Amino acid sequence: MSEKKGRVILIGAGPGDKGLITVKGLEYLKKADVVVYDRLVSKDVLSLSPETAEFINVGKVMNHHNIPQPEINEILLNKALEGKTVVRLKGGDPFVFGRGGEELELLTIHNIEYEIVPGITSAISALAYAGIPVTHRDFASSIHFVTGHAKDGLVENIDFKALAASKGTILFYMGVSTLSQLINGLIMAGIDKNTPCAAVENGTRYNMRTLISTVENMVSDAEKFQLKSPAVIAVGKVCSLSDKFAWFSKSKIFSKQIIVTRPVVSNNILTDRLKNAGAEVIDYPCIKINEIENNKSLLNLTANLDKYNMLIFASKNSAAYFFKSLAENKKDSRALSHLLIGALGKSTYDELKKYGIYADIMPEKYTFTAFASSLKKAEIKGNIAVLEAANDKRLSDELKNHGFNVAPFIAYDIEYLPLDYIKPLQEYIDNGVIAAFTSSAAVHGFVHGNKIEDLSKIKAVCIGKLTYETALGYKMQAYMAEKPTIDSLIEKLKELE
Ligand code: SAH
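Quick note on the working numbering: the sequence shown kicks off at 1188 and runs consecutively.
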């Protein structure tokens, strides 16, 4: 056993939307050696943990029983005794019907250090996403948190009389299977049958559903609606405000199924933006940029730069690998002083700036033909070296077709990866999925990484002309963002049905 004693941090993971974990919770989660979580913790929140952490799912149903509480307590204790930083992630807030208190008992006995990071409880946040303010000066001046959990099939210890008389907002957790008992309890206690009711299922998530009803009709409406757990059931006048304020489900992106393609290594702004707007995002790292070991093509170029008049970089990666090779040959940017430089695309231009190079030619329009036209306009003559990916020679081919004296060089290799997700890609396609593409390499990755015969059902939303043309080339239903920006891409995604 380790000398160092570990510690346990009990963190409220919030209701599902990963933006709803607290800043402190996230900071601690990122330092976890072990993450002990249960069913209500969303995958999105879990994905914020360090990849190296040990994950223990204690929400798994084993032989129709959850892992018993004492066993969970033991796991926390033992991992802490091993000297680990143990994060215990719980849905919502750890102390709101979360048994957080029970988990601290054993740790206290064994003198294990612990901290609690409260979380955003699901009832309040699910209602907020459904456009229901839990209190409102005109409608409710108290909130009542109630568990609808049944012991031996019956809800116990609920003071329905007090609840009915309160005229406040009543929030039932774990009340889906006992709904009729809860509503009948309130009716028997004399609540006005016209009191508005709501049920919010999977609150704050892309698959959130909201049912608005009245006390009188709630049970039959919930049956028709096929209400499922996890859901919060709310009773009170505030529920009538949902129609007016339901901002989340009114987002044009809400519940849309969107495959976001990207290189393996890349930050995922688009994914986060779409998730925040309520989309079901299928994150698909479809291309992997591989360095070519002992790259003869690049070595050949860097040793013979004097034979060329111009260097053209077809991508940001081609620039990065070129300068790496140059440095390996103990040369720097000065070796390029006699050369004109061309960059395809703004990100390539920006990459070159990192090496102190301001490209001479970078056409505004990001197409191969536009590039050829700019070279013609600038009356470029002589030998041109083009740096591109091993499996994408479109730029050098286009320039050759326009009669330029072009020598292609391979800067790196692109590997195409299949979709590795909950369901096979074909199922998403049959479902009319939308795919978002921020590069034509990603379109190739999507096509070559999977064996899909008919691509015509895919709605491909593309960031620029080249990407758009690549998608069209594969006979996808292609759409192009007005401008080559993430904002514009999102606007286009909103337009699609
Ligand atoms: N500690 C949690 C509650 C755990 S009890 C919290 O503070 O939220 C489990 C109950 O929480 C579920 O039965 C359901 O009523 C509610 N719940 C949890 N996540 C939810 C969600 N995303 N949407 C609606 N209800 C949710």
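Where a beta carbon is used, it is the ideal one built from N, C-alpha and C, also for glycine. Quick caveat, the model's predicted, so the values are computed rather than measured.
Counting only the same chain and skipping the five closest in sequence on each side, list residues whose C-beta sits under 6 angstroms from that of Leu1369.
Gly1335, Phe1359, Gly1362
Please classify Leu1340 as buried or exposed, where buried requires at least 16 other C-beta atoms within 10 Å of its C-beta.
As written in the sequence, residue 1340 is Gly, which differs from the Leu given in the question. Its Cβ having fewer than 16 others within 10 Å, Gly1340 is exposed.
Just to confirm, are Ile1196 and Gly1306 a CB contact at a threshold of 8 angstroms?
no
Give the secondary structure of Val1425 by DSSP, where H, G and I count as helix, E and B as strand, and everything else as coil.
helix
Give the range of the alpha helix (DSSP H) segment to which Met1663 is assigned.
Unbroken run through Met1663: none, as it is neither H nor E.
Do three or more CB pairs link the segment 1255 to 1269 to the segment 1314 to 1331 at distances below 8 angstroms?
no
Note down, in chain order, each residue of its chain lying with its Cβ closer than 7 angstroms to the Cβ of Lys1218, except the 5 sequence neighbours on either side.
Thr1272
What residue range does the beta strand (DSSP E) around Phe1412 cover?
Per DSSP, Phe1412 lies in no beta strand (DSSP E); the unbroken alpha helix (DSSP H) holding it starts and ends at 1405 to 1412.
If we ignore side chains and look at the alpha-carbon of each, how far apart do Lys1511 and Gly1532 end up?
20 angstroms
Select from Ile1609, Asp1225, Thr1554, Ala1376 the residue whose C-alpha is nearest the C-alpha of Ile1446.
Ile1609
Given that a residue counts as buried once 16 or more other Cβ atoms are within 10 Å of its Cβ, and exposed if not, what is Arg1449?
Result: buried.
For a test of your reading of the model: does the CB of Asn1389 fall under 7 angstroms from any non-hydrogen atom of the ligand SAH? Yes or no.
yes
Is Lys1277 near the ligand SAH, going by C-beta to nearest heavy atom under 7 angstroms?
yes
Would the C-beta of Tyr1224 count as close to the ligand SAH, meaning under 7 angstroms from any of its heavy atoms?
no
For Glu1290, which of helix, strand or coil comes out of DSSP?
Three-state DSSP puts Glu1290 in a helix.
Thinking C-beta only, is Ala1466 closer than 8 angstroms to Tyr1393?
yes
If you drop the 5 nearest sequence neighbours on each side, which residues of the same chain put their C-beta closer than 8 angstroms to that of Leu1683?
Lys1443, Ile1621, Lys1646, Val1648, Tyr1666
Taking three-plus beta-carbon pairs below 8 angstroms as touching, is the segment 1528 to 1543 in contact with the segment 1480 to 1494?
no
Considering only the alpha carbon of each residue, which of Arg1396, Thr1458, Lys1354, Thr1401 lies closest to Asn1371?
Thr1401
Could you give the residue range of the alpha helix (DSSP H) that holds Tyr1215?
From DSSP, the alpha helix (DSSP H) with Tyr1215 extends over 1210 to 1216.
Taking 8 angstroms as the threshold (C-beta atoms), are Ala1313 and Ile1357 in contact?
no
For the ligand SAH, any of its heavy atoms closer than 7 angstroms to the Cβ of Asp1231?
no
Does DSSP classify Lys1644 as helix, strand or coil?
coil
Kindly list the residues whose CB is nearer than 7 angstroms to the CB of Asn1592, restricted to its own chain and excluding five residues on each side of it in sequence; keep chain order.
Gly1569, Asn1570, Ile1571
With Ser1627 as the anchor, note down where its alpha helix (DSSP H) starts and where it stops.
It spans 1627 to 1635 - the alpha helix (DSSP H) in which Ser1627 sits, taken as one unbroken run.
Let's see if you can read the secondary structure: which residues bound the alpha helix (DSSP H) around Tyr1495?
Premise fails: Tyr1495 is in no alpha helix (DSSP H) and is neither H nor E.
Confirm, please, whether the CB-CB distance from His1589 to Ala1559 is below 8 angstroms.
yes
What is the DSSP secondary structure of Lys1533, reduced to helix, strand or coil?
The DSSP-derived three-state label of Lys1533 is helix.
Grouping DSSP H, G and I as helix and E and B as strand, with all else coil, what is Lys1278?
Reading off the sequence shown, one finds Gly at residue 1278, where the question assumed Lys. In the structure shown, Gly1278 sits in coil (DSSP, three-state: anything other than H, G, I, E or B).
Identify whether Asp1470 lies in helix, strand or coil by the three-state DSSP scheme.
strand
Just verifying my parser: in three-state terms, what is the DSSP assignment at Asn1455?
coil
When you measure from the CB of Val1228 to every non-hydrogen atom of the ligand SAH, does any distance come out below 7 angstroms?
The answer is no for Val1228.
By the 10 Å Cβ neighbour count, where 16 or more other Cβ atoms means buried, how is Ala1565 classified, buried or exposed?
exposed
Can you list, in chain order, the residues of its chain with a C-beta nearer than 6 angstroms to that of Gly1246? Leave out the 5 residues immediately preceding and following it.
Asp1225, Arg1226
Would you mind reading off the limits of the alpha helix (DSSP H) that contains Thr1489?
1483 to 1490
What do you reckon, are the CB atoms on Ala1501 and Glu1388 nearer than 8 angstroms?
no
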